[in-house]
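Peer 1:
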Amino acid sequence: MYVASAEQISGWRADAGAAPSAVAVLPITAVAPGLPVEELVAEVQRLIERAGGSR
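Read in order, the letters of the sequence shown are residues 162 to 216 in my numbering.
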């Protein structure tokens with residue numbers, strides 16, 4: 162399942178104070194061009210922000 166981009170998640174994690182990921186950020190357009198992704202973005206952002214301080 163794809164919900165939010167690696168770029169979005171990296172930004173949200175940084176905003177939440179988490180360390181940068183050890184995994185390279187790969188744009189979804191490079192993996193699955195044309196994939197619709199907007200439906201769950203806000204929910205995933207809240208989850209990332211909530212988990213950000215726990216690492």
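Here a beta-carbon is modelled for each residue, glycine too, at the ideal position from N, C-alpha and C. Remember, predicted model here, so these are calculated numbers, not experimental data.
Do Glu-206 and Ala-165 have their C-beta atoms closer together than 8 Å?
Peer 2: The sequence shown places Gln at residue 206, not Glu. Closer than 8 Å, so yes.
Peer 1: Please tell me whether Ala-175 and Glu-210 are closer than 8 Å, where the distance is taken between their beta carbons.
Peer 2: No, the pair does not count as a contact, with Cβ atoms beyond the cut-off.
Peer 1: Look at the alpha carbon of Val-184 and the alpha carbon of Glu-168, and state the distance between them as a whole number of angstroms.
Peer 2: Rounded to the nearest angstrom, the two C-alpha atoms are 12 Å apart.
Peer 1: Checking 8 Å against the spacing of the C-beta atoms, do Ser-171 and Val-192 come in under that value?
Peer 2: In this structure, Val-192 does not lie closer than 8 Å to Ser-171 by Cβ.
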